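Student:
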Amino acid sequence: MSDSPTAAVLCLASASPRRRELLSSIEVEVEVCPVDIDETPIAGEAADAYVARLARQKALAGAGLTSLPVLGSDTAVVCDGVILGKPRDQPHAAAMLRGLSGRAHQVLTAVAVSGPAGMLEACVTTRVVMRDIDEHEIAAYWATGEPADKAGGYAIQGLAAIFIERIEGSHSAVVGLPLFETARLLSRQGVPLWNRRGR
Ligand SMILES: Cc1cn([C@H]2C[C@H](O)[C@@H](COP(=O)(O)OP(=O)(O)OP(=O)(O)O)O2)c(=O)[nH]c1=O
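No gaps in the numbering here: position 56 of the sequence shown is 58 in my numbering, and each next residue is one more.
Below, the structure is given as structure tokens:
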């Protein structure tokens, strides 16, 4: 049997390779249409409202580029109510990891799918507990290059897995897309899941 992919059934308004891989893992073939939006939080904006707004804006921006349903998503790491984005540089990344060391924080991921059923949305909060991380590990982790493009400056699916004691919530949401909730939204938009030619 061939396992060659089918034609795209969804437009992914994201440059994130993680989101593409997560959708591919449930056999949703996408066309990628990265969109450029301003990701600056509005003063006083709650973290869940912030990620929901960005996910929606990404989906709306993509909707002008295709006739397929469009998925936008955004992930933020939140510690003591403060939204941590991607690190600007090494000192910023080190400060973020120091702040996350030995305690719990939240990862919020919003997903928005525009299509025939309108704009459908979900937002997932996951609690992540990290063990203590020492200064040597913080420096060594930066040197791997992994933290640079990750919210909160770490990747649970990568080398930072050794720092994660436990999570309560959705692992795929921390990586960038909550697959359980996303699958429900895609089904409501008529997007087929488990869609591999030859089966
Ligand atoms: C916390 C965490 C984040 N991340 C990633 C997921 C997202 O790609 C990124 C958060 O940044 P986002 O702004 O949500 O996404 P992005 O800039 O990568 O892609 P786009 O805006 O085009 O959709 O951090 C991990 O890969 N692993 C993790 O453990």
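Beta carbons: idealized from backbone N, C-alpha and C, even for Gly. This one's a predicted model, so the numbers in the text were calculated from it and none came from an experiment.
Could you tell me whether the Cβ atoms of L12 and R22 are closer together than 8 Å?
Tutor: Cβ distance not < 8 Å, so L12 and R22 don't count as in contact.
Student: Ligand 1 heavy atoms versus the CB of T77: any closer than 7 Å?
Tutor: It does: the Cβ of T77 is within 7 Å (strictly closer) of some heavy atom of ligand 1.
Student: F165: buried (16+ other C-beta within 10 angstroms of its C-beta) or exposed?
Tutor: It counts as buried.
Student: DSSP three-state label for M3, please.
Tutor: Any reading at M3 must be qualified, since the residue scores a pLDDT of 46, below 50, and its modelled position is unreliable; the value itself is stated next. Reduced to three states, the DSSP call for M3 is coil.
Student: Short check: CB of P180 to CB of V126, under 8 Å?
Tutor: In this structure, V126 lies closer than 8 Å to P180 by Cβ.
Student: Under the assumption that L56 contacts C81 (Cβ atoms under 8 Å), give the Cβ distance between them as a whole number of angstroms.
Tutor: Not quite, the Cβ-Cβ distance comes to about 19 Å (not below 8 Å), so this is no contact.
Student: Near A95, what residues of its chain come up, given a Cβ to Cβ distance below 6 Å and the 5 sequence neighbours on each side ignored?
Tutor: P89, W144, P149, G155, listed in sequence order.
Student: Under the criterion of a Cβ to heavy atom distance below 7 Å, does E167 qualify as lining ligand 1?
Tutor: Outside the cutoff, so no.
Student: Would you check if there are 3 or more beta carbon pairs closer than 8 Å linking the segment 180-196 to the segment 24-32?
Tutor: As far as the Cβ criterion goes, the segment 180-196 touches the segment 24-32, which means the pair count is three or higher.
Student: Check the C-beta distance from L187 over to L122 and give it rounded, since I have them as a contact under 8 Å.
Tutor: About 5 Å; that satisfies the 8 Å criterion.
Student: Alpha carbon to alpha carbon, what distance is there between M132 and A106?
Tutor: Taking the straight line from one Cα to the other gives about 6 Å.
Student: Report yes if the CB atom of R129 is closer than 8 Å to the CB atom of I169, and no otherwise.
Tutor: Yes, the pair counts as a contact, with Cβ atoms nearer than the cut-off.
Student: Specify the secondary structure class of L73 as computed by DSSP and reduced to three states.
Tutor: Correct three-state label for L73: strand.
Student: Please list the terminal residues of the continuous beta strand (DSSP E) segment that includes G147.
Tutor: Unbroken run through G147: none, as it is neither H nor E.
Student: Measuring CB to CB, does C35 end up less than 8 Å from G64?
Tutor: The answer is yes: Cβ separation under 8 Å.
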